[in-house]
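Those sequence lines, one after another, are chains G and Y.
Everything in the first sequence is counted per the numbering used here, starting at 573 for the first residue and increasing by one.
Everything in the second sequence is counted per the numbering used here, starting at 7 for the first residue and increasing by one.
Ideal Cβ positions, reconstructed from N, Cα and C, are used throughout, including at glycine.
Before any comments, here is the structure.
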Amino acid sequence: MAKLTYSKVNQDILKMIRPPTSAWGILFLTDLMVLGFGILCFAWQVYTGLGVAGYTRPVMWAVYITNFVFWVGIGHAGTLISAVLFLFRARFRNSIYRTAEGMTVFAVMTAGLFPLIHLGRVWNFYWLIPYPNQRQLWTNFRSPLEWDVFAVSTYLTISSVFFIVGLIPDVAVAREHATGWRKKLYTLLSFNWRGTDRQWKHYNNAYTYFAALATPLVFSVHSVVSWDFAMSINPGWHSTIFAPYFVAGAIFSGIAMVITLMVPMRKIFNLEDYLGDWHFDSMGKILLFTSLIVSYAYAIEMFLAWYGGNVYEKSVFWDRAFGHMGWAYWIMVTCNCLIPLLCIKKSIRTNIMAMFVISIFVNIGMWFERFVIIVQSLSHNFPVFTWKAYAPTWVELGITAGSFAWFFMFFLLFVKFLPAMAIAEIKEILPMPGKKRAA
Amino acid sequence: MSAKRQGVLAIFEDPGSVVDAIKALKSGGRRKFSVMTPVPNHDIAEAIDTSQSPVRWCTFIGGVVGGTLGFLLCAWTSLDWPLITNGKEIVSIPPFMVIVFECTVLIGGLTNLFAMLFFAGLPDIVQGEAFDSRFTEDRFGIWVPCGRQDAEAVAATMRANGAEEVRVEAA
Chain G
573 MAKLTYSKVN QDILKMIRPP TSAWGILFLT DLMVLGFGIL CFAWQVYTGL
623 GVAGYTRPVM WAVYITNFVF WVGIGHAGTL ISAVLFLFRA RFRNSIYRTA
673 EGMTVFAVMT AGLFPLIHLG RVWNFYWLIP YPNQRQLWTN FRSPLEWDVF
723 AVSTYLTISS VFFIVGLIPD VAVAREHATG WRKKLYTLLS FNWRGTDRQW
773 KHYNNAYTYF AALATPLVFS VHSVVSWDFA MSINPGWHST IFAPYFVAGA
823 IFSGIAMVIT LMVPMRKIFN LEDYLGDWHF DSMGKILLFT SLIVSYAYAI
873 EMFLAWYGGN VYEKSVFWDR AFGHMGWAYW IMVTCNCLIP LLCIKKSIRT
923 NIMAMFVISI FVNIGMWFER FVIIVQSLSH NFPVFTWKAY APTWVELGIT
973 AGSFAWFFMF FLLFVKFLPA MAIAEIKEIL PMPGKKRAA
Chain Y
7 MSAKRQGVLA IFEDPGSVVD AIKALKSGGR RKFSVMTPVP NHDIAEAIDT
57 SQSPVRWCTF IGGVVGGTLG FLLCAWTSLD WPLITNGKEI VSIPPFMVIV
107 FECTVLIGGL TNLFAMLFFA GLPDIVQGEA FDSRFTEDRF GIWVPCGRQD
157 AEAVAATMRA NGAEEVRVEA A
C-alpha cells in the first residue's frame, strides 16, 4: 500500500461504482433468474402447504433452519472484522471491513427470511412479536425461539446502522464526483457530510461505541441461535458447548465467505494495491484458528457422547459418523478440519488462489455442519421406531438456491452503487500528504 | 441550500500547517472556526478542542433505559398472563437476561446513532461553512467566519501559516 496516495485511493475506489458493464448486467440477470425460481418455489409452498418440503417425522426442522443458521453465521465475520478488529486496532481490517460489513447485512437479511419460510403459514409471522391482543396472550420470553426474534432483529438493526454510519464519509466522497440521480442519492446517504472537526469528533466517538456494542452482540446472537437447539433435550443438541462452538463456527464460515467474495472483487476491480498478501495472510490465520476451535468442538462432542455414558447420546453420535448420513459428516470433517490445516503454511495463506479454493470448501463444509447437526440429530431421536431418513425436495433446494441469489443480488448492487472499500479508513493508514506529516 | 456566509476559507495541503494555523487563530483570540479534513487527524483535533464528546453518555443512558424496558416487558407480560411451567418463577430472571441484553444493545445503539447525528449536526442542512470538494480528497480546510473588516487579517494569517489557497467569501 506504500505506493498509494489520498487521490489515488479516491480514484481507484470510485472507479468501482462507475456505470455497470454488460458483464455485470449478465451476472445480475442470471442472479435474478435464480432468485425468481426461488420465489416461485416459495409461492408454490405457500399455495400448497408445508407438505411440499421434505419434512417427515421426526425430522421437522431441516434445510430451512440449516439455511437460517448458515446465513446468520456468515454475517458474524463481518461484525468481527468491522467491530472486534476495530477495537483491537488491527490495521489489515481497513481494506476489507466495508465488504465484510455489507456481507453481514445481506446475510442477516437472508437469514431472517428462513424462520418465516419455515413457518409454513407465513402470514402469521407477526405472532412472534409481543403485541397487545384481544386474548391478552403474550409471547413466551422463556423460549429460545423468542430470544432468537430479539437477537436476530437487534443484530440486523445494529449491523445495518453500523454499515450506514460507516458509509457516511465515503459516500460524501462519491457525492463530490457524481452527477444526476447518483448525486442526489449520495447527498442523501452522506447526510451532507463535510468532514468538519465537529462532525469527525462525534462520529469517531459514536463509531467506537457502535463497535463496543456490536462486539458482545456478535457473540450473543450465535449463542442464542445455538440455544434454539441446546435448550431442548434432543440427543445431539443438548450440550453446553453449543454456544462457543457455534460462535467459532460462525466466524469461521464468515471469514471463508469474505475470502470467497474478496478474491474475485480484487481481480475484477484491480485492487491488488489494497488487498495484498498481508490481508490474506491475516484472514488465513483467523480461518485456521477458528477451524481448530471447530475441530476441537467436533472431537469433544464425540468424547462427551462416549464418556457421558448416555445411551441415546452415544447412539446419535455413532450414527452421525457411521450411519446413513455419515457421508455428510465426513464432508463436514474434510472441509472444516482437514483442508483448512493447509493454512498452517504461510505460502498457502499468501497464495490467493489457494485461499479462494479453501474458502469454497469451508463454505460447503459449514453448510453441511448445520445440516448434520439439525437433520441427523432429529432423524435419530429417542424411540427407535421413529427413526427416519430425510431428503430435501426440489422446493427446498429451489428456495435454498434462491437465498444465495437474494444475497448476491444485494451484494452485486452494493459493489456497483456504494463504495465497497472504506476510503477514509484506508487513507488513515497511509502517510499524510504534505511536508510536515502531522499524524 | 447554502446559507449566507461571510468569512475566509483557507485550503492547505499539509496537516502540520493546519495545526500551525489553528494555533495562530487561537492566539489571535479566535475561537469560532471549523476545520474540514478528509480523514480524522489527532493533532488537528487536539489543537482545536480536547473536550470529550457527550455522545457516550447518551449511549450509556440509552443502554440502561433499553435494558430496563426489556426487563419490564418480560416481567409485565409474564405477570399479565401467569403460566407456571415446571414450578419455575413467573418472573424468571435468567431467561429474561437474553431479552434484557438485546434491548440494551438495540436501544443503546439507536441512541448512539441519534446522539451522533444531533451533536454532529447531521444532516448538515445549514451548511454554515464554505466547502471545497478537495476536502473529501487530499486537502484540508479552515473556515473562519468573520466580517469584511477582519477578512484581510485572517487571510494573511492563513497565508503566513502555509495555506496554498485563500478565498474570502462575502454575503
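Tell whether a beta-carbon distance below 8 Å holds between residue i and residue j.
i	j	result
Y/Glu19	G/Gly767	no
G/Leu604	Y/Gly114	no
Y/Gly68	Y/Leu31	no
Y/Glu175	Y/Gly13	yes
G/Leu607	G/Trp978	yes
G/Asn776	Y/Pro46	yes
G/Trp762	G/Ile736	According to the sequence displayed, residue 762 of chain G carries Ser and not Trp. No.
G/Val677	G/Ser732	yes
G/Trp959	G/Ser951	yes
G/Arg838	G/Phe642	no
Y/Thr43	G/Trp633	no
Y/Trp87	G/Gln706	no
G/Ile946	G/Thr638	yes
G/Ser919	G/Thr682	no
G/Leu599	G/Leu984	yes
To the nearest angstrom, how far is it from the Cα of residue i to the Cα of residue j?
i	j	result
G/Glu997	G/Ile585	12 Å
Y/Ile35	G/Asp845	A small correction: the amino acid at residue 35 of chain Y is Gly; Ile does not occupy that position in the sequence shown. Approximately 45 Å, taken between the alpha carbons.
Y/Lys38	Y/Pro151	7 Å
Y/Pro101	G/Arg714	5 Å
G/Ala744	G/Gln583	14 Å
Y/Asn167	G/Asp742	29 Å
Y/Met7	Y/Gly134	A caution first: Y/Met7 carries a pLDDT of 44, below 50, which makes its placement in the model unreliable, though a value can still be read off. When rounded, the distance between both Cα atoms is 10 Å.
G/Val644	G/Ala822	8 Å
G/Lys612	G/Leu688	Checking the displayed sequence, the identity of residue 612 of chain G turns out to be Leu instead of Lys. Each residue's alpha carbon lies about 16 Å from the other.
G/Ala1011	Y/His48	Model confidence at G/Ala1011 stands at a pLDDT of 44, short of 50, so the residue's coordinates are unreliable; what they give is reported in the following sentence. G/Ala1011 and Y/His48: Cα-Cα distance of roughly 7 Å.
G/Thr922	Y/Thr65	41 Å
G/Ala751	G/Ala992	The residue asked about is misnamed: residue 751 of chain G is Thr in this sequence, not Ala. When rounded, the distance between both Cα atoms is 19 Å.
G/Thr593	G/Phe664	30 Å
Y/Leu78	G/Ile701	16 Å
G/Arg590	Y/Val97	56 Å
G/Val624	G/Val694	15 Å
G/Arg1009	G/Leu1002	Here the model assigns G/Arg1009 a pLDDT of 48, short of 50, so the residue's position is not dependable, and the following value carries that caveat. C-alpha separation (whole angstroms): 11 Å.
Y/Met103	Y/Thr110	10 Å
Y/Ala161	Y/Arg11	16 Å
Y/Ile17	Y/Ala27	11 Å
G/Glu673	G/Phe640	18 Å
G/Val680	G/Gly647	6 Å
G/Gly880	G/Val631	25 Å
G/Phe734	G/Lys886	44 Å
G/Gly937	G/Gly848	26 Å
Y/Glu158	G/Asp769	24 Å
Y/Phe120	G/Phe614	38 Å
Y/Ile148	Y/Thr163	12 Å
G/Ile961	G/Ala994	The question names Ile, but residue 961 of chain G in the sequence shown is Ala. Each residue's alpha carbon lies about 48 Å from the other.
Y/Arg173	Y/Leu15	5 Å
Y/Phe107	G/Lys575	45 Å
Y/Pro21	Y/Asp144	10 Å
Pull up the DSSP beta-bridge partners for residue i, would you.
i	result
Y/Ile17	Y/Gly147 and Y/Glu171
G/Ser931	Note: G/Ser931 sits in no beta bridge, so no partner.
Y/Met42	G/Thr768 and Y/Gly147
G/Val631	G/Thr628
Stretch pair the stretch 810-823 of chain G + the stretch 785-795 of chain G: three plus CB contacts closer than 8 Å: yes
Touching by the beta-carbon criterion (3+ pairs, under 8 Å), the stretch 856-870 of chain G and the stretch 796-809 of chain G: no
Three-pair Cβ contact test at 8 Å for the stretch 912-932 of chain G versus the stretch 853-863 of chain G: yes
Meets three-Cβ-pair contact criterion under 8 Å: the stretch 87-100 of chain Y and the stretch 125-135 of chain Y: no
Three-pair Cβ contact test at 8 Å for the stretch 825-838 of chain G versus the stretch 635-653 of chain G: yes
The stretch 655-670 of chain G in contact with the stretch 682-701 of chain G per 3-pair CB rule at 8 Å: no
Chain G contacts from the stretch 8-40 of chain Y (Cβ-Cβ distance under 7 Å): Glu19, Asp20, Pro21, Gly22, Ser23, Val25 and Ser40
Near-chain Y residues of the stretch 744-762 of chain G - C-beta to any C-beta below 7 Å: Ala744, Val745 and Glu748
Under 9 Å (Cβ pairs) to chain Y, residues found in the stretch 763-784 of chain G: Phe763, Asn764, Trp765, Arg766, Gly767, Thr768, Asp769, Arg770, Gln771, Trp772, Lys773, His774, Tyr775, Asn776, Asn777, Ala778, Tyr779, Thr780, Tyr781, Phe782 and Ala784
Three-pair Cβ contact test at 8 Å for the stretch 959-978 of chain G versus the stretch 619-635 of chain G: yes
Under 7 Å (Cβ pairs) to chain Y, residues found in the stretch 985-1004 of chain G: Ala996, Lys999, Glu1000 and Met1004
Residues from the stretch 694-711 of chain G in contact with chain Y, defined by Cβ distance under 8 Å: Pro702, Gln708, Leu709, Trp710 and Thr711
Selection of the stretch 51-69 of chain Y by Cβ proximity to chain G, strictly under 8 Å: Ala51, Ile54, Asp55, Gln58, Ser59, Val61, Arg62, Thr65 and Gly69
Residues, ordered as in the chain, of the stretch 714-733 of chain G that lie near chain Y by beta-carbon distance below 7 Å: Arg714, Trp719, Phe722, Ala723, Thr726, Thr729, Ile730 and Val733
Contacting positions in the stretch 114-135 of chain Y - beta carbon closer than 8 Å to chain G: Gly114, Gly115, Leu116, Asn118, Leu119, Ala121, Met122, Leu123, Phe125, Ala126, Gly127, Leu128, Pro129, Asp130, Ile131, Gln133 and Glu135
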